[in-house]
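Below is one structure, written out as structure tokens, with a few remarks after it.
Residue numbers (UniProt numbering): 1 to 538.
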């Protein structure tokens, strides 16, 4: 190779590569049979072989040099590429649509990282999500820190090891939340954490005037007497005690200030509630139909109501064989929780009087109209006993109903249909899991009075009491769309529980009819269903 060519190859990789690429494999100067024999080579053969080896050596040297040069060029090009990519990444962010997103929208997105309330006391609330938004970039950090609502949900899981850090973090969050109302979720299930628990409480309790929602999980008694009248904004309070300590959460005298009552322990405990303020009511105990109606009568602003109905023959919420004293330790008495100077026995008597009069204060001669009630959740053990017959609920949109007694047929179906028709309500969500039904009506009648239904979760009834009107086959048949059957045209979500009467083909036909494009197929406005969850064949 000439010096000029070599000079060009050092500056032009193409020339060097082209020269190396022109190197060809030499032909052997001797025949192939020579390699298989022991014949002594002639002088001329040796000369030709040595000449070929010398040329091959020069070619190898040139190829090695070319490969080294190519590798050097490759590294240089990779370095340039990385630099160019970094340049593009840096400057693309300047023209990114994300940079143009208003701070208010980003703050709203950040709100989905706020802590979530956890019902299991042993599982700490998630609180790291909102902190992650402050470690992405300077703008995100500024937006997060300047949005008080992101820091107004304070979740604390008290542990011995991190007590000081938790108290400091709570102080930081309180500062960032500024003066906004607070949602507080504080939990401690460790008996050895009394000191850290008190430390964190010492930081949070002085802010009780800002509490709107509070969840307190503790293994010990909590003295809230100092803040009893210092929670003007409080709407909901959930006290979850350690069941081994038999701490009665419902004994705190705070209920008169709440607009949300949950886990009410029974008729006696309702006397301290501020009824006109209540918008959400949920109990884990049993009330008779008359008691339930009396409660509703005292809640003109209620939006959501959840209760368990018991046989009206036992209005105090107990049935023969039930013994409320089983829930308390021997020798334990609610009066032990009373403060000095309080006369809990007098309060108990007044509570009994009020609970005993719950039935008498409801006038059964007229329909109770609750114009704001949107969500109604009922469970029953021995029938609804005329509960539906006394109500008028024009705003009802969500209804959940399930039974827990499969021995006695009930007439809830007729009463429920009458309630819906009488109220002219637009029910969008139905969750119905009855054990029995009287058999006077069918699921077709229910779907006919709920034309706005979007979500249906149904447990078909197939027993001797129900006949076939509420069985699996009837449900599937009534939901199959056709030109003459347009029941539940707005249905988008369907859940059917497992049933022994399940038949695959009718179910598939119903599903296909719901997946067809609405309107043109049936001559009417039909919404295409989005989700169907059905049983599997046994």
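From the three backbone atoms N, C-alpha and C, an ideal C-beta is built for every residue, glycine too.
Buried versus exposed call for residue i [16 or more other C-beta atoms within 10 Å across all chains shown]
i           : result
residue 86  : exposed
residue 459 : buried
residue 450 : buried
residue 20  : buried
residue 515 : exposed
residue 112 : exposed
residue 88  : exposed
residue 136 : exposed
residue 278 : buried
residue 80  : exposed
residue 504 : exposed
residue 63  : exposed
residue 101 : exposed
residue 509 : exposed
residue 95  : exposed
residue 179 : exposed
residue 174 : buried
residue 84  : exposed
residue 446 : buried
residue 434 : buried
residue 333 : In this prediction, residue 333 scores a pLDDT of 40, lower than 50, which makes its location untrustworthy; the coordinate-derived value is nonetheless stated afterwards. Under this definition residue 333 is an exposed residue.
residue 419 : buried
6 Å Cβ shell around residue i - same chain, five flanking residues per side excluded
i           : result
residue 143 : 103, 106, 107
residue 389 : 415
residue 375 : 304, 398
residue 208 : 227, 230, 231
residue 141 : 134
residue 380 : 309, 403
residue 346 : In this prediction, residue 346 has a pLDDT of 41, which is less than 50 and means its spatial position is unreliable; what the coordinates show is noted afterwards. Nothing listed; no residue qualifies.
residue 164 : none
Test item: CB-CB of residue i and residue j under 9 Å
i           : j           : result
residue 287 : residue 309 : yes
residue 430 : residue 413 : no
residue 215 : residue 171 : no
residue 487 : residue 531 : no
residue 186 : residue 155 : yes
residue 529 : residue 492 : yes
residue 298 : residue 370 : no
residue 480 : residue 454 : no
residue 181 : residue 233 : yes
residue 490 : residue 443 : no
residue 66  : residue 17  : yes
residue 114 : residue 78  : no
residue 292 : residue 387 : yes
residue 166 : residue 158 : yes
Through-space distance from residue j to residue i, alpha-carbon basis
i           : j           : result
residue 70  : residue 25  : 21 Å
residue 355 : residue 129 : With a pLDDT of 40 at residue 355, under the threshold of 50, the modelled position of that residue is not reliable, and the figure given next carries that caveat. Each residue's Cα considered, the two are about 46 Å apart.
residue 377 : residue 448 : 21 Å
residue 211 : residue 476 : 49 Å
residue 183 : residue 91  : 41 Å
residue 41  : residue 54  : 18 Å
residue 188 : residue 238 : 14 Å
residue 131 : residue 200 : 20 Å
residue 74  : residue 58  : 24 Å
residue 193 : residue 152 : 25 Å
residue 68  : residue 38  : 41 Å
residue 56  : residue 72  : 24 Å
residue 138 : residue 147 : 14 Å
residue 145 : residue 176 : 7 Å
residue 502 : residue 289 : 35 Å
residue 93  : residue 82  : 17 Å
residue 32  : residue 76  : 46 Å
residue 511 : residue 206 : 57 Å
residue 296 : residue 217 : 30 Å
residue 48  : residue 27  : 11 Å
Other residues of its chain near residue i: CB distance less than 7 Å, five sequence neighbours each side excluded
i           : result
residue 426 : 397, 452
residue 45  : 29, 30
residue 372 : 301, 302, 303, 395
residue 534 : 496, 507
residue 441 : 413, 414, 417, 469
residue 461 : 434, 436, 437, 470, 471
residue 22  : none
8 Å Cβ shell around residue i - same chain, five flanking residues per side excluded
i           : result
residue 422 : 367, 392
residue 485 : 478
Heavy atom of the ligand MG within 8 Å of residue i beta-carbon
i           : result
residue 510 : Judged by which ligands are present, the structure shown has none, so any question about the ligand MG falls away.
Residue-chain proximity (residue i, chain D), Cβ-Cβ < 9 Å
i           : result
residue 184 : Any reference to chain D falls outside this structure, which holds one protein chain only.
| Can you give, in chain order, each stretch of the alpha helix (DSSP H) that sits fully within the region 446-483 and has at least 4 residues? | Taking only runs of at least 4 residues, the alpha helix (DSSP H) segments lying wholly in the region 446-483 are 472-479.
| Unbroken stretches of the alpha helix (DSSP H), 4 residues or longer, contained in the region 156-217 | 163-176, 194-204
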